[in-house]
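Residue numbers for the sequence shown follow my numbering, beginning at 1 and rising by one. For each residue, glycine too, the CB sits at the ideal point set by N, CA and C. Encoded as structure tokens, the structure appears first; notes follow it.
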Amino acid sequence: MANKIPRVPVREQNPAVRATNFEEVCLGYNLEEATLEASRCLNCKNPRCVAACPVGIQIPHFIEALKAGDIKGAADIIARDSSLPSICGRVCPQESQCEGSCILGIKGESVAIGKLERFVGDWRLDNPQPASLPEKNGKKVAVVGSGPAGLACASDLAKEGYDVTVFEALHQIGGVLVYGIPEFRLPKKGVVAKEIESVKRLGVKFETDVIVGRTVTIDSLMDSEGFDAVFVGSGAGTTTIYGY
């Protein structure tokens with residue numbers, strides 16, 4: 001039975017090696033490992049993992065697709081609810097959310113949902129698909145802050161036909177993903193930069209070194225620059241707060 005298969009261990013850098021560099025410690029699954037781990041999922045009729053996921057990813061469905069070898073299908077399922085799977089698969093607290101609610105975890109080890117999401121997300125970054133977008137709806141939205149909230153908001157709006165511009169106070173796009181999470185946990189070039197590029201492919205525009213509240217104001221964005229709405233995802237950095 002699937003629940004008799006032990007949880008597939010995740011490869012990591014050897015401690016003696018990782019002590020000499022700042023590269024990512026967790027190496028993730030390869031295809032064989034991911035497929036084997038996916039086979040542990042019970043595909044519950046009442047998936048508690050979905051209810052425990054903040055964005056409601058259809059976890060059993062994407063795992064079933066992965067188990068069947070349909071990685072693109074798995075990526076498409078995740079994309080319905082999550083714009084940043086490679087990032088979320090690395091830094092979300094799965095142990096207290098989806099994996100913490102997995103039925104297998106009651107008497108054993110839960111399915112490694114986060115590592116499977118990371119595997120599918122990384123495949124999507126390495127195999128970008130042409131964006132299929134609706135016609136522009138004529139509405140402009142300004143997004144303040146290019147952290148995870150701003151990136152996710154911009155991505156979802158672009159998929160709905162909005163003309164989106166993201167304003168970032170600092171000189172690099174990414175917010176806490178760049179400035180707050182260490183490289184050994186979240187690679188900047190290999191993961192964050194690629195996720196940002198996937199948002200750009202949706203037609204989202206980015207402007208850096210713009211402090212909304214100083215460089216421009218929300219009123220001027222709406223009254224003078226024609227934005228119909230503004231989403232504020234400024235984060236908790238002291239520089240950003242001071243800018244407001």
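Might you give, ordered along the chain, the residues of its own chain that have their beta carbon closer than 8 Å to the beta carbon of cysteine 102, omitting 5 neighbours on each side? Arg48, Cys49, Ser110, Val111, Ile113
Sort out for me which residues DSSP pairs cysteine 26 with in a bridge. Glu12
Residue range of the alpha helix (DSSP H) that includes glutamate 207: Run containing glutamate 207: none in the alpha helix (DSSP H); it sits in the beta strand (DSSP E), 205-207.
Confirm, please, whether the CB-CB distance from phenylalanine 22 to glutamate 183 is below 7 Å. yes
What is the rounded straight-line gap between the Cα of glycine 100 and the Cα of cysteine 53? 10 Å
Roughly how many whole angstroms lie between the Cα atoms of asparagine 14 and arginine 118? 20 Å
For lysine 139 and aspartate 70, the rounded distance between their alpha carbons: 36 Å
Mind reading off the beta-carbon distance from isoleucine 87 to leucine 177? Whole number of angstroms is fine, and I expect it under 8 Å. 6 Å
Could you work out which residue in Glu207, Ala51, Lys67, Glu195 is closest to leucine 89 when comparing CA atoms only? Here residue 89 is glycine; the residue named in the question, leucine, does not match the sequence. Nearest C-alpha to glycine 89: Glu195.
Taking arginine 40 and leucine 27 to be in contact with their CB atoms under 8 Å, please state how far apart those CB atoms are, rounded to whole angstroms. In fact, because the Cβ distance is near 20 Å, the residues do not count as touching under 8 Å.
Is it the case that the Cβ atoms of valine 216 and valine 164 are separated by a distance below 7 Å? no
Beta-carbon proximity check, alanine 38 vs isoleucine 63, cutoff 7 Å: yes
Check whether the Cβ atoms of glycine 145 and glycine 175 lie closer than 7 Å to each other. yes
Please report how far the alpha carbon of aspartate 76 lies from the alpha carbon of proline 148, in whole angstroms. 20 Å
If I'm right that glycine 121 touches asparagine 137 with Cβ under 8 Å, what's the distance once you round it to whole angstroms? Not really, about 28 Å apart at Cβ, beyond 8 Å.
To the nearest whole angstrom, what separates the beta carbons of leucine 133 and alanine 158, a pair I think is in contact under 8 Å? 7 Å
Note down the Cα distance separating glutamate 95 from lysine 107, rounded to an integer number of angstroms. 15 Å
Taking only heavy atoms of the ligand MG into account, decide whether any of them is closer than 6 Å to the Cβ of proline 85. Of ligands this structure carries none, so the ligand MG is not represented either.
Let me confirm a value: serine 220 is counted as buried when at least 16 other C-beta atoms fall within 10 Å, else exposed. Which label applies? exposed
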